[in-house]
Every structure is written in structure tokens, then in C-alpha cells.
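Residue numbers (the working numbering): 157 to 346.
Note sheet for the following structure.
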Amino acid sequence: TIISGAKGIVKYYKLKGDYLERRHDIKAGEAVNEKGLFAVIVDGEDREALRHYIARGSVVELDDNSEVEKDSVIANPASAEQVVIAEWDPYSNPSIAEEKGKISFEDVIPGVTVAEQFDELTGTSKLVVNEYIPAGYKPTVVLATENKELLRYSLDPKTSLFVSEGQKVEVADIIGKTPKATQKSKDITG
Numbered sequence: 157t158i159i160s161g162a163k164g165i166v167k168y169y170k171l172k173g174d175y176l177e178r179r180h181d182i183k184a185g186e187a188v189n190e191k192g193l194f195a196v197i198v199d200g201e202d203r204e205a206l207r208h209y210i211a212r213g214s215v216v217e218l219d220d221n222s223e224v225e226k227d228s229v230i231a232n233p234a235s236a237e238q239v240v241i242a243e244w245d246p247y248s249n250p251s252i253a254e255e256k257g258k259i260s261f262e263d264v265i266p267g268v269t270v271a272e273q274f275d276e277l278t279g280t281s282k283l284v285v286n287e288y289i290p291a292g293y294k295p296t297v298v299l300a301t302e303n304k305e306l307l308r309y310s311l312d313p314k315t316s317l318f319v320s321e322g323q324k325v326e327v328a329d330i331i332g333k334t335p336k337a338t339q340k341s342k343d344i345t346g
């Protein structure tokens with residue numbers, strides 16, 4: 157949400173190369189479809205008091221040349237919901253569901269191949285593959301797709317599971333995360 161921040165008149169400008177071009181055609185309720193739109197608050201003598209950049213996807217709330225108070229809303233985001241396109245976790249490698257389907261486990265046995273860890277911060281628990289797995293066991297997550305195809309995801313030691321037995325998953329849901337190997341710093345002494 158863009159608040160005027162000063163009393164005056166709002167005037168809209170479009171960035172064209174290295175200068176601002178005046179735009180008289182901006183009306184309340186219009187969605188901003190291009191980059192480079194600015195709302196400039198000017199005083200009674202047409203001196204600039206404040207300048208606000210209006211991001212693409214915002215909705216303009218005031219007509220050009222409208223009088224504004226210090227707390228007037230100039231523009232709002234098109235939706236209150238912020239859409240996360242991607243997240244980056246530099247400390248782990250995720251296993252991601254390639255298809256939509258239902259989860260089942262093979263050799264995922266609490267106390268033998270996995271341990272349950274409780275997170276006090278969130279109040280939830282998750283299964284983590286043990287560092288040492290007994291011989292003959294191969295912990296695996298099996299994804300049964302809608303096409304009756306079985307996709308297998310082998311679980312490495314220390315992998316945290318983000319799914320449970322019988323859970324339905326969508327494409328790109330995170331099945332588990334394996335921590336990346338931490339590298340110790342080496343200085344001159346060694």
C-alpha cells in the first residue's frame with residue numbers, strides 16, 4: 157500500500173529513458189500494467205514534496221490531480237495475498253514430487269531406520285532418517301501416481317521427511333530434505 161506521506165496534489169509520471177513524462181490519463185481503479193509509473197505529491201506552488209514508485213500489478217486509488225492528505229492511499233496491491241514463486245534453501249537438497257499421487261513408505265521403521273524429532277518452535281514432529289542404517293534396510297518413499305506408476309525416492313541418512321504414510325501430494329510438493337555437507341573453514345594454520 158502506498159500512502160501519500162504529505163498534503164498536496166498527486167500527479168502521475170511515466171519514466172521514459174532518463175526523464176519523467178507527465179501522464180494526465182491515470183484514473184482511480186486502473187491497474188498498473190507497465191513499469192516506471194510514479195506518483196508525485198506537489199505543494200500549492202507545484203514543488204515536489206514526495207515521489208512514490210508504483211509497482212506493476214498495483215491498483216491506483218486516486219485520479220490524476222487529486223488533492224491528498226498526509227495519510228491518503230494512492231495505490232494498493234492488486235491482491236492482499238503475496239504469491240511466493242520460489243524459495244531457496246542453501247543448506248539442504250530437496251526431494252520433490254514429480255507427479256501427483258499417494259505416498260507410501262518402504263523400510264521406514266521408527267527406532268530402526270528413522271527417528272522422530274520434535275520441533276519445539278512449531279510444535280510438530282517429523283521423521284528423520286538415521287545416520288547409520290542397519291544392513292538389509294533401504295528407506296524409500298514410494299509415490300503411486302494416478303497412472304498406477306510407482307516413483308521411488310531413496311532416502312539418504314539425515315533426510316527429514318515432509319510427508320506421511322498415505323498422504324496425497326501434488327506436483328512439486330517437497331517429500332524430504334537432505335542437509336548439504338557442511339564445510340569447515342580452513343585458515344593458514346590449517
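A virtual CB, placed ideally from N, CA and C, is assigned to each residue, including glycine.
Check                                                                                                                                                                   : Outcome
If you follow the beta strand (DSSP E) that Phe-194 is in, where does it begin and where does it stop?                                                                  : 193-198
Hey, Ser-316 and Lys-294 are a contact pair by Cβ (cut 8 Å); roughly how many whole angstroms apart?                                                                    : So it is not a contact: roughly 18 Å between Cβ atoms.
Where DSSP assigns a beta bridge to Val-188, which residues make up the other side?                                                                                     : Note: Val-188 sits in no beta bridge, so no partner.
Taking the straight line between their C-alpha atoms, what separation do you get for Asp-219 and His-208?                                                               : 15 Å
Apart from the five residues on each side of it in sequence, which residues of its chain come closer than 6 Å, Cβ to Cβ, to Val-264?                                    : Val-270 and Pro-295
Would you mind working out which of Pro-250, Ala-195, Ala-234 and Gly-213 sits nearest Ile-224, comparing C-alpha positions?                                            : Strictly speaking, residue 224 in this sequence is Val, with Ile absent from that position. The candidate whose alpha carbon is nearest that of Val-224 is Ala-195.
If you draw a straight line from the alpha carbon of Asp-181 to that of Ala-242, how long is it in whole angstroms?                                                     : 36 Å
Leaving out five residues before and five after Val-111 in sequence, what residues of the same chain have Cβ atoms less than 6 Å from its Cβ?                           : Shown here, the chain extends from 157 to 346; a query on residue 111 therefore has no answer.
Per DSSP, Arg-203 forms a beta bridge with which residues?                                                                                                              : Partner(s): none; Arg-203 has no beta bridge.
For Ser-129, does the three-state DSSP call read helix, strand or coil?                                                                                                 : With the chain represented from 157 up to 346, any question about residue 129 goes unanswered, as that position is not in the structure.
Distance check for Glu-254 and Arg-212, CA to CA, integer angstroms please.                                                                                             : 32 Å
Indicate the three-state DSSP secondary structure (helix, strand or coil) for Asn-249 in the structure shown.                                                           : strand
By a C-beta neighbour count over all protein chains shown, 10 Å radius and 16 as the cutoff for buried, is Tyr-168 buried or exposed?                                   : buried
Can you look up Phe-318 in the DSSP assignment and give me helix, strand or coil?                                                                                       : coil
Helix, strand or coil, according to DSSP, for Thr-334 in the structure here?                                                                                            : strand
Just to confirm my understanding: we take Asp-227, look at its own chain, exclude 5 residues before and 5 after, and list those with CB closer than 8 Å. What are they? : Ile-159 and Ser-160
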